[in-house]
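A.B. asks:
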Amino acid sequence: MSNTASLKKEYAERIVPALKSQFHYSSSMQVPVLKKIVINQGMGIAVADKKLIEIAINEITAITGQKAVATISRKDISNFKLRKKMPIGVMVTLRHEKMYEFLERLVRVALPRIRDFKGIESRFDGRGSYTLGIQEQIIFPEINIDSIT
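Take any residue in the sequence shown, count from 1 to its spot, add 393: that is its number in the working numbering.
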């Protein structure tokens, strides 16, 4: 079995019953579940250099194991020298097995590599979404430190 199976198994066997008893849920279907993980990298400087988008796509693809796509601007903003449909970022949406794989690597490998790591905040927005900002992608072992520009 892979690590993904162990994370899903741990969730089903240990976490769901604990949450069910803690919050007095009558059914295990009431326990919150992960639906997707969206990884997004905004590249404001990519307006000047188009190669940065390709580099970012390759890095996010290496980190997630799934092909990333470029995000494009929706409208012109002259102050930023931005035109409609220019690539300005990279994103990938992970679901099912790849989502659990990424979450496992994030929690057990990447986050402990952050210098002076004191944990993550436990605040969610009103809709059940959680946002985590990471300043440097070099915390992931898939990224070679020497290749960073």
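Glycine included, C-beta positions come from ideal geometry on N, C-alpha and C. All figures in this text were calculated on a predicted structure; none of them were measured in a lab.
What do you get for G482, buried or exposed, if any count of 16 or more other CB atoms within 10 angstroms of its CB means buried?
C.D. replies: When all chains shown are included, G482 counts as buried.
A.B. asks: How many angstroms separate the CA atom of K460 from the CA atom of L487?
C.D. replies: Straight-line Cα distance between these residues: approximately 10 Å.
A.B. asks: Just verifying my parser: in three-state terms, what is the DSSP assignment at V426?
C.D. replies: Coil at V426, not helix or strand.
A.B. asks: Give a yes or no on contact between the stretch 516-524 and the stretch 442-454, applying the rule of three or more CB pairs nearer than 8 Å.
C.D. replies: Judged by Cβ distances under 8 Å, the stretch 516-524 makes no contact with the stretch 442-454, as fewer than three pairs qualify.
A.B. asks: Give me the Cα-Cα distance between I513 and Q434, rounded to the nearest whole angstrom.
C.D. replies: Their backbone Cα atoms lie some 19 Å apart in a straight line.
A.B. asks: Starting from the N-terminal side, write out each stretch of the beta strand (DSSP E) that is 3 residues or longer and does not extend beyond the stretch 444-509.
C.D. replies: Entirely contained in the stretch 444-509, the beta strand (DSSP E) runs reaching 3 residues are, in chain order, 462-465 and 480-487.
A.B. asks: Just to check my reading of the structure: V462 and V426 have Cβ atoms closer than 8 Å, yes? What is that Cβ distance to the nearest angstrom?
C.D. replies: Between V426 and V462 the Cβ distance is about 25 Å, and since that is not below 8 Å, they are no contact.
A.B. asks: When the Cα of M436 is compared with those of K401, R506, K428 and Q528, which residue comes out closest?
C.D. replies: When each option's Cα is compared against that of M436, the closest is Q528.
A.B. asks: Quick one: what's V431 bridged to in DSSP?
C.D. replies: In the DSSP output, where bridge partners are listed per residue, V431 has T486.
A.B. asks: I'd like the list of long-range same chain contacts for K401, defined as Cβ closer than 8 Å, with 5 residues on each side in sequence excluded.
C.D. replies: For K401, where only same-chain residues beyond five positions count, the Cβ hits under 8 Å are Y493.
A.B. asks: Kindly indicate which three-state DSSP category E514 falls into: helix, strand or coil?
C.D. replies: Coil.
A.B. asks: Does the distance from the C-beta atom of I456 to that of P480 stay below 8 Å?
C.D. replies: For I456 and P480, no; Cβs fall outside 8 Å.
A.B. asks: In the DSSP assignment, the alpha helix (DSSP H) including P410 goes from what residue to what residue?
C.D. replies: Here the alpha helix (DSSP H) through P410 covers V409 to Q415.
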